[in-house]
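Structure first, commentary second.
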Amino acid sequence: MPLGSLWFCGVRLIALSIFLGCIGVQSAGLQGRRPNIVFVLTDDQGYGDLSCHGHPVLKTPHIDRLHREGVRFTDFHVSPTCSPTRSALLTGRHEFRNGVTHTIHERERLNPRATTLAEVLRSSGYRTGIFGKWHLGDEPEYWPNRRGFEEMFIHGAGGIGQTYAGSCGDAPGNRYFDPAILHNGRFVKTKGYCTDVFFGEALRWMGEVKEHGPFLAWIACNAPHAPLQVRLEDEAGYRGVVTNAQAAKFLGMIANIDDNVGKLLAQLEAWKIDRETLVVFMNDNGTDGGVLAGYNAGMRGKKGTAFLGGTRASSLWRWPGTLVAGDCKALSAHLDFFPTLASLAGAKLPKGVRRQIEGRSLVPWLEHPAVRAPDRILMTHLGRWEKGASPETAKYRQCSVRATRWHLVSAEGGAVPRWMLFDVQADPGERTDVSARHPGTVRRLSRRFEQWWSSVQPMLVNESVRGPDQNPFKELFWRQYGPGATASSVQE
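Below, the structure written as structure tokens:
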């Protein structure tokens, strides 16, 4: 295994092997079961932005049901921003190894040489569809229908209506209401609120394919990412309850997601496939708007930081009749998503794909959530150094090394580290820097960071790439509807 986000020393590898061997008979019950998979991924919603995680105002009864009836990974981590997380989820390896070091500047594009989860599942007989946000390259050669998704229903850039110079931009003039969406290579003008549209299209597609083998439905909401555009009826329940008007919009957007999760669960039950379907819910990074509402589950940091508040995510796995509800405290991450689902699907992974994957399958912990996991190391780095600058200028800015007990963080450093050490088991809010008390731990973890940093430098393939003169989505939109057309001006 290459040096990367996930490291095991030899002793821990042996411990893991013994552990897996001891429960191998039970785990074999899940491996190769080939469930339908519905994955719901939200954008800029933090761990604390759910009522099941203690939010004092927000009500999310349907997501709470996933929490109540499923396996809950309580120490699950993603990247500090969105494209990096999506890259790691799809490939099982750290985003830097995929060339993804930003959300714009061509550095959001997923290396075409990486194998994706969708490709593996499709080659194993799954139907595959993506609905909503992609954000891993807007040029046609980077589209999800070139990366294993047979059904593609996506907006461009990192959000509806976003436009940046180069490769990253959505259809011109797009909005959260009645958006123009790229459907299998052609734009369609939709009616309704974007989250409702994405879930509705996903359900339509699932209804078509459910009788023809297992499916993967990847529903990636762009909500509650800013700009905070929300249905009035969803915002109404929070207007006046929170003093910040923007916070009311943010919470209303999440309430709308929750309503759609409820419709999804009801439809799976109506089709009588709920017991054949694994539903997974996650958020893509720490909260953005949630801090406006004054609640972050006691964590330090938010989106864009390497503190727990920037990386800790909800990870709820519900499969009625198969998974027993319970908390799993094992340190886990987005890197584990690919190998876990590949195992459940019974996919045969070529040697090159096995080498690519840095994560570990969570199947043993889905079977036995309370079993203690061997220690591991996870690397976090915000990336996002200035365009054209050397990565070394931001080497120690918003980066961290996480072990089960320890979290080594450099938040404000640039080319020079400013390490802080937190005992997150005793201090989950990361209030007390204990680096002076544990210099040996700081040395050990910082050495691991240096090794990792050196190992990823050759794989930063997007750093000096020139982007197109025109946004690919804009160019395609004008080719279809005429020069100067906007999403609000066209009619289907």
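Residue numbers (my numbering): 19 to 510. C-beta atoms are modelled at their ideal positions from N, C-alpha and C, and glycine is treated no differently.
| task | Determine the DSSP secondary structure at Q509, reduced to helix, strand or coil. | result | To locate residue 509, count along the sequence shown from 1; it is residue 491. It is coil, neither helix nor strand.
| query | What residue does the alpha helix (DSSP H) around G147 start on, and which one ends it? | reply | Counted from its first residue, the sequence shown places residue 147 at position 129. Not the alpha helix (DSSP H): G147 falls in the beta strand (DSSP E), residues R145 to G150.
| Are the CB atoms of S361 and S379 nearer to each other than 7 angstroms? | In the sequence shown, residue 361 corresponds to position 343, counting from 1. In the sequence shown, residue 379 corresponds to position 361, counting from 1. It is a contact, given that the beta carbons lie within the stated cut-off.
| task | Return helix, strand or coil for V298, following the three-state DSSP convention. | result | As a working mapping, residue 298 is identified with position 280 in the sequence shown. Reduced to three states, the DSSP call for V298 is strand.
| query | Between which two residues does the beta strand (DSSP E) carrying E169 extend? | reply | Within the sequence shown, the letter at position 151 stands for residue 169. Run containing E169: E169 to I172, per the beta strand (DSSP E) assignment.
| query | Which one or two residues does DSSP pair with G344 in a beta bridge? | reply | For this step, residue 344 is matched to residue 326 along the sequence shown. The partner list for G344 (beta bridge, DSSP) reads V89.
| field | Status (buried if at least 16 other CB within 10 Å, exposed otherwise) for V434 | value | Your numbering for residue 434 matches position 416 in the sequence shown. Counting Cβ neighbours within 10 Å, V434 comes out exposed, since fewer than 16 surround it.
| query | S408: which of E481, I291 and T103 sits nearest, CA to CA? | reply | Your numbering for residue 408 matches position 390 in the sequence shown. Of E481, I291 and T103, the residue nearest in Cα terms is E481.
| How should Q469 be labelled, buried or exposed, when 16 other C-beta atoms within 10 angstroms of its C-beta is the threshold for buried? | For the purposes of this step, residue 469 is identified with residue 451 of the sequence shown, where counting begins at 1. Exposed, by the Cβ-count rule.
| Contact belief for N278 with D62 at Cβ below 8 angstroms, rounded distance in angstroms | The residue given as residue 278 occupies position 260 in the sequence shown. The residue given as residue 62 occupies position 44 in the sequence shown. No, N278 and D62 are not in contact; Cβ-Cβ is about 17 angstroms, not under 8 angstroms.
| task | Using 10 angstroms around the beta-carbon of P457, count the other beta-carbons present and answer buried if the total reaches 16, otherwise exposed. | result | As a first step, residue 457 is located in the sequence shown; it is residue number 439 there, counting from the start. P457 comes out exposed.
| request: Check whether the Cβ atoms of E124 and V483 lie closer than 7 angstroms to each other. | output: As a position in the sequence shown, residue 124 is number 106, starting the count at 1. As a position in the sequence shown, residue 483 is number 465, starting the count at 1. Their beta carbons are under 7 angstroms apart, which means E124 touches V483 by this criterion.
| Cβ neighbours of A46 in the same chain (closer than 7 angstroms, five flanking residues each side left out) | Within the sequence shown, the letter at position 28 stands for residue 46. At A46 the pLDDT is 48, less than 50, meaning the model places this residue with poor confidence; the figure from the coordinates comes in the next sentence. Correct list: empty, nothing qualifies.
| request: Would you decide whether S97 is buried or exposed? Buried here means 16 or more other CB atoms lie within 10 Å of its CB. | output: Numbered from 1 along the sequence shown, position 79 holds the residue referred to as residue 97. S97 comes out buried.
| Residue ranges of each alpha helix (DSSP H) run of no fewer than 4 residues wholly in the stretch 252-289, ordered along the chain? | 263-288
| field | A220 beta carbon less than 7 angstroms from that of F299 | value | Here residue 299 refers to the residue found at position 281 when the sequence shown is read from its first residue. Here residue 220 refers to the residue found at position 202 when the sequence shown is read from its first residue. Not in contact: F299 and A220 (Cβ atoms no closer than 7 angstroms).
| Cα-Cα separation, W424 to F325 | In the sequence shown, counting from the first residue as 1, residue 424 sits at position 406. In the sequence shown, counting from the first residue as 1, residue 325 sits at position 307. Whole-angstrom Cα-Cα distance: 12 angstroms.
| Around the C-beta of A503, are 16 or more other C-beta atoms found within 10 angstroms, so that it is buried, or is it exposed? | In the sequence shown, counting from the first residue as 1, residue 503 sits at position 485. A503 should be labelled buried.
| field | Candidates R455, G319 and N54, of which the one nearest F233 by Cα | value | Residue numbering aside, residue 233 sits at position 215 when the sequence shown is read from its first letter. Per the Cα distances, N54.
| field | Euclidean distance between Cα positions of R402 and T121 | value | In the sequence shown, residue 402 corresponds to position 384, counting from 1. In the sequence shown, residue 121 corresponds to position 103, counting from 1. Approximately 8 angstroms, taken between the alpha carbons.
| task | Could you check which residue in L269, E157 and E294 has the C-alpha nearest to that of E251? | result | Counting from 1 along the sequence shown, the entry for residue 251 is found at position 233. E251 has its Cα closest to that of L269, out of L269, E157 and E294.
| task | With distances taken Cα to Cα, identify the nearest neighbour of E87 among T99, C100, C70 and F94. | result | In the sequence shown, residue 87 corresponds to position 69, counting from 1. The shortest C-alpha separation from E87 is found at C70.
| field | Validate contact between the stretch 145-159 and the stretch 73-82 using beta carbons, cut 8 angstroms, 3 pairs | value | no
| field | 7 angstroms Cβ cutoff met for N274 and T213 | value | Position 256 of the sequence shown, counting from 1, holds the residue named residue 274. Position 195 of the sequence shown, counting from 1, holds the residue named residue 213. Contact: yes.
| field | Short CB-CB distance (under 7 angstroms) between V508 and chain C | value | Protein chains in the displayed structure number just one, and chain C is not present.
| task | Figure out for me which residue from P197, V508, E159 and L286 has the closest Cα to the Cα of R222. | result | Indexing the sequence shown from 1 puts residue 222 at position 204. R222 has its Cα closest to that of L286, out of P197, V508, E159 and L286.
| said: So M170 and P162 are supposed to be a Cβ contact under 8 angstroms. How far apart are they, rounded? | reply: Walking along the sequence shown from the start, residue 170 turns up at place 152. Walking along the sequence shown from the start, residue 162 turns up at place 144. Between P162 and M170 the Cβ distance is about 5 angstroms, and since that is below 8 angstroms, they are a contact.
| message | If I follow the unbroken alpha helix (DSSP H) through R140, where does it start and stop? | response | Residue mapping note: residue 140 aligns to position 122 of the sequence shown, counting from 1. First-last of the alpha helix (DSSP H) with R140: L135 to S141.
| said: Using 7 angstroms as the threshold, is the C-beta distance between L200 and I172 below it? | reply: As a first step, residue 200 is located in the sequence shown; it is residue number 182 there, counting from the start. As a first step, residue 172 is located in the sequence shown; it is residue number 154 there, counting from the start. In contact: L200 and I172 (Cβ atoms closer than 7 angstroms).
| task | Using DSSP bridges, identify the partner residues of C417. | result | Here the question's residue 417 lines up with position 399 in the sequence shown. Its beta-bridge partners are H399 and S428.
| task | Assign Y211 to one of three DSSP states: helix, strand, or coil. | result | Taking the first residue of the sequence shown as position 1, residue 211 is located at position 193. Looking at Y211 - three-state DSSP - the assignment turns out to be strand.
| query | Which word fits D345, buried or exposed, when buried means at least 16 other C-beta atoms lie within 10 angstroms of its C-beta? | reply | Here residue 345 refers to the residue found at position 327 when the sequence shown is read from its first residue. Exposed: under 16 other Cβ atoms inside 10 Å.
| query | Buried or exposed: which applies to P102, given that a residue is buried once 16 or more other Cβ atoms fall within 10 Å of its Cβ? | reply | Sequence index remark: in the sequence shown, residue 102 carries index 84 (1-based). Label assigned to P102: buried.
| query | What are the boundary residues of the beta strand (DSSP E) that L48 is part of? | reply | Within the sequence shown, residue 48 is the residue found at index 30, counting from 1. Where L48 is concerned, there is no enclosing beta strand (DSSP E), given that its DSSP letter is neither H nor E.
| field | Sub-7 angstroms separation of S506 and G191 beta-carbons | value | Position 488 of the sequence shown, counting from 1, holds the residue named residue 506. Position 173 of the sequence shown, counting from 1, holds the residue named residue 191. Yes.
| message | From the DSSP secondary-structure annotation, give me the bridge partner or partners of R204. | response | Counting from 1 along the sequence shown, the entry for residue 204 is found at position 186. According to DSSP, R204 bridges with H201.
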